[in-house]
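Using our numbering, the first residue of the sequence shown is number 642, and each one after it goes up by one. Reviewing the structure listed below.
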Amino acid sequence: VVIWLCQRFPLAQAPVKHGLVHSGITIGVAIAHLFVFRDVTWLFCSYCPDAFPNVYAAIGSFFSNQMLPALCIYPTMLGSHYAVLFWHSSRERDRQTRRLQDALQRAELRSLNAQINPHFLFNALQMISALVHNDANRADQAIVQLSNLLRLTLRQTDVEVIALEQELAMLKLYLDIMQTRFENTLQITFDIEPKTLNAEVPYLLMQPLVENAIEYGANPVDDSRNIRISAAISGRKLQLDIADNGRGFSLEEANWQDAGVGISNTIKRLEQLYGTRHQFRISDGIAGGANVTILIPFRIHKDAAAVNPSKE
């Protein structure tokens with residue numbers, strides 16, 4: 642009954658009008674309570690005259706002692722009901738807030754992904770355009786390789802994370818295009834721990850970093866490009882390293898936040914997905930060149946299949 646009255650006369654819609662209704666109900670419930678217990682007291686006194694020699698004095702004492710508690714009965718039930726409603730409403734607001742935050746994060750990630758794909762495609766087409774004038778056969782080969790890569794990436798639309806094995810498959814297709822461009826001056830080495838292949842990584846995480854290493858990591862002596870890509874488990878983290886044999890850089894001079902679209906978006910995506918639970922480090926290699934290290938939480942991708950170890 643109390644729940645029905647709260648729904649029929651909600652205080653939130655008309656506080657004054659419905660407040661008066663509930664005040665009247667409070668008085669009515671109190672009076673009904675007093676009269677019911679008056680009759681109970683009368684019957685008790687009738688059957689136990691020794692306990693209350695004066696029936697009227699007993700009833701008067703009951704009225705004086707029970708008036709305030711009687712007035713509190715309905716407000717207590719009303720308050721309890723609204724407390725439960727507030728608790729449920731608070732939980733629902735929290736759920737809605739979390740859903741909105743998740744939706745906003747997904748939208749931001751999709752926006753960053755949408756910027757990476759055209760950026761990569763633009764660079765690849767520029768490279769093919771340069772080949773067309775110098776070597777038509779290599780240009781044709783690069784076009785076929787690019788179509789294979791686009792076919793694979795288009796299957797991954799609207800995804801935020803994929804298995805490392807899938808990421809490496811797309812990366813190798815991209816590197817095929819780069820091999821066509823640089824021919825014998827580009828050497829790629831993979832050092833991938835087999836147990837990392839099912840690990841979850843952000844979609845197209847490595848391609849912008851490898852592209853940057855190829856573009857700016859050429860050896861100043863012979864213009865060779867030796868890129869080493871490795872993946873390992875470090876504690877509870879997945880560690881990804883991309884090293885080149887170029888000039889290297891110092892931490893003081895490197896400002897990756899002002900880097901190109903691909904690099905800056907990669908950093909933003911890592912921050913969106915992992916917050917403080919990731920590391921993005923740049924350093925000079927021991928034997929020269931530059932090294933980029935990424936540490937993210939190690940998780941098995943939900944759609945990852947068992948794979949055979951492979952190392953190139």
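A virtual CB, placed ideally from N, CA and C, is assigned to each residue, including glycine.
Run of the alpha helix (DSSP H) containing residue i, from where it starts to where it stops
| i | result |
| --- | --- |
| residue 841 | Premise fails: residue 841 lies in the beta strand (DSSP E), 841-843, not in any alpha helix (DSSP H). |
| residue 781 | 777-795 |
| residue 928 | Taken as a continuous stretch (DSSP letters only), residue 928 belongs to no alpha helix (DSSP H), as it is neither H nor E. |
| residue 855 | 847-857 |
Nearest candidate by alpha-carbon position, reference residue i, set the options
| i | options | result |
| --- | --- | --- |
| residue 881 | 836, 933 and 863 | 933 |
| residue 873 | 838, 790, 726 and 802 | 838 |
| residue 807 | 877, 785, 840 and 858 | 840 |
| residue 842 | 941, 728 and 720 | 941 |
| residue 855 | 876, 824, 836 and 844 | 824 |
| residue 835 | 765, 805, 921 and 783 | 805 |
| residue 831 | 883, 781 and 796 | 883 |
| residue 763 | 774, 777, 733 and 791 | 791 |
Beta-carbon proximity list for residue i, same chain, < 7 Å, skipping 5 on both sides
| i | result |
| --- | --- |
| residue 779 | 772 and 821 |
| residue 899 | Only weak support is given to the placement of residue 899: the predicted model assigns it a pLDDT of 48, under 50, and the value that follows is read from those uncertain coordinates. The answer is none, since no qualifying residue turns up. |
| residue 915 | 937 and 938 |
| residue 894 | Residue confidence for residue 894 is low, a pLDDT of 47 falling below 50, so the modelled location carries little weight; the figure read from the coordinates is stated next. Hits under 7 Å: none found. |
| residue 765 | 787 and 818 |
Within 8 Å, strictly: CB atoms of residue i and residue j
| i | j | result |
| --- | --- | --- |
| residue 878 | residue 936 | yes |
| residue 787 | residue 769 | yes |
| residue 818 | residue 871 | no |
| residue 928 | residue 885 | no |
| residue 814 | residue 789 | yes |
| residue 904 | residue 861 | no |
| residue 809 | residue 907 | no |
| residue 865 | residue 826 | yes |
| residue 851 | residue 812 | yes |
Residues near residue i in its chain [Cβ-Cβ closer than 6 Å; skip 5 each side]
| i | result |
| --- | --- |
| residue 829 | 816 and 868 |
| residue 920 | 936 |
Terminal residues of the beta strand (DSSP E) in which residue i lies
| i | result |
| --- | --- |
| residue 869 | 866-875 |
| residue 802 | 802-804 |
| residue 938 | 931-938 |
| residue 833 | 827-833 |
| residue 883 | 878-884 |
Whole-number beta carbon distance between residue j and residue i, since they are thought to touch under 8 Å
| i | j | result |
| --- | --- | --- |
| residue 887 | residue 925 | About 10 Å; that fails the 8 Å criterion. |
| residue 844 | residue 801 | 6 Å |
Proximity test, residue i beta-carbon vs the ligand MN heavy atom, cut-off 7 Å
| i | result |
| --- | --- |
| residue 857 | Among the ligands in the structure shown, none appear at all, so the ligand MN cannot be discussed. |
Other residues of its chain near residue i: CB distance less than 8 Å, five sequence neighbours each side excluded
| i | result |
| --- | --- |
| residue 735 | none |
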